[in-house]
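Student: Take the sequence shown: its letter number 236 is residue 237 in the numbering used here, and every next letter is one higher.
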Amino acid sequence: MDLKRISGCSVAPTVQHHEAALLNWISHVCGALKKRIDYELTANGGGGAAAVDEYGQRHQSPNVPPVRDFRELCDGVCLAYLISYYCPKLVPWHSVKFNHVPTITDSIHNILIVSNFSERSLPYTVFHMSPEDITYMRGSMKQNLVVLLADLFNLFEIHPAKCVCYPGMEQQSPDAMGAGATNEHGIAHRRGFANQPTIAAIPDLRPGLDSPSSSSGGGGSGSGTSSGGNGGAGGVGCSSASGNGAINRPPFQGLALIYLL
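This is how it looks when you write it as structure tokens:
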């Protein structure tokens, strides 16, 4: 994860648990988005349609603290800001409802932004919960949220979807998205699926093992004898020869021999 590209400052690499790494990623993205918002609000004297809301009031730059626990995502603010950072044209930052004391209505609104974005803009949906599942975060819903964040990380950073447009992505050459190339932060785009070598089929090591052999049986019209004895009550032989000379094997003996070889 290239946190230096996101936050704009050097970050010492550390070994983290995947859950802590996802929360750290969200924190850096929200911090980088705040810098972008501050720049937009101060550029050209703060003018423009994005500087005011539908009531004519100026937008305020959100002050989102670092995310330390998954329960801090229940209001949907950081989830929606995460999408706004990578897809600002689809989810403008000012469409997110941010309050220091969030209400249930605001939380549902923000999580619906995430749900609608997943359904309409991604190559496949990654949101498999209801907004209330995240808002109330009961029991195993945390694991579903972790899976959601992992899917978003995959579609934003590892295999960028077509809707992704993070800062600096425009400067990449068209060839940078080719098969086998690496993106800006050194990750092979699409994992080089188009350049994978052709895998040869496994050869048939014993082509005639399961086929009856006409030359291995005894001739004549009489029945063959069992190699395991005289067929009395003591046991059953391993194989027997039929009247036409073919050898009758147990149905799975050939398969077992293949695994033993």
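Think of the CB as a built atom: it goes at the ideal place given N, C-alpha and C, for glycine as much as any other residue.
Mapping the DSSP letters down to three states, classify R72 as helix, strand or coil.
Tutor: In the structure shown, R72 sits in a helix (DSSP, three-state: H, G or I).
Student: Pick helix, strand or coil for R207, following the three-state DSSP scheme.
Tutor: DSSP places R207 in coil when its eight states are reduced to three.
Student: Thinking V30 and L80 are a contact (beta carbons under 8 Å), I'd like their distance in whole angstroms, please.
Tutor: Rounded, the Cβ-Cβ distance is 11 Å, inconsistent with contact.
Student: Please classify A21: does DSSP put it in a helix, a strand, or coil?
Tutor: It is helical.
Student: When you compare each of L149, T104, M142 to L23 by their alpha carbons, which one comes out closest?
Tutor: The residue with the shortest Cα to Cα distance from L23 is L149.
Student: Can the beta-carbon of S85 be found closer than 8 Å to that of V97?
Tutor: A contact, by the Cβ cut-off of 8 Å.
Student: Going by C-alpha to C-alpha distance, which of T106, R139, N145, F157 sits closest to P124?
Tutor: Per the Cα distances, F157.
Student: Quick check on R37: does DSSP put it in helix, strand or coil?
Tutor: The answer is helix: DSSP assigns R37 an H, G or I state.
Student: Within 10 angstroms of its Cβ, does N111 collect 16 or more other Cβ (buried), or is it exposed?
Tutor: The residue in question, N111, is buried, as its Cβ has 16 or more Cβ neighbours within 10 Å.
Student: Please report the distance separating the alpha-carbon of R139 from that of P66.
Tutor: Their backbone Cα atoms lie some 23 Å apart in a straight line.
Student: Can you name the residues that DSSP bridges to R6?
Tutor: None; R6 has no bridge partner.
Student: Rounded to the nearest angstrom, how far is the Cβ of H129 from that of N117, given a contact under 8 Å?
Tutor: With 8 Å as the limit, H129 and N117 do not qualify as a contact, their Cβ atoms being about 14 Å apart.
Student: Considering only their Cβ atoms, is the gap separating L83 from I38 smaller than 8 Å?
Tutor: Cβ distance not < 8 Å, so I38 and L83 don't count as in contact.
Student: Pick helix, strand or coil for R59, following the three-state DSSP scheme.
Tutor: If DSSP states are grouped into helix, strand and coil, R59 belongs with the strands.
Student: Whole angstroms is fine: what's the gap from A202's alpha carbon to L210's?
Tutor: Using only the alpha carbons, I get a separation of about 19 Å.
Student: Can you tell me whether DSSP reads N100 as helix, strand or coil?
Tutor: Note: N100 maps to coil in three-state DSSP.
Student: What separation, rounded to the nearest whole angstrom, lies between the Cα atoms of V78 and K5?
Tutor: Their backbone Cα atoms lie some 23 Å apart in a straight line.
Student: Three-state secondary structure (DSSP) at G140?
Tutor: In the structure shown, G140 sits in coil (DSSP, three-state: anything other than H, G, I, E or B).
Student: Would the C-beta of L146 count as close to the ligand SAM, meaning under 7 Å from any of its heavy atoms?
Tutor: In terms of ligand content, the structure shown is empty, and the ligand SAM therefore cannot be addressed.
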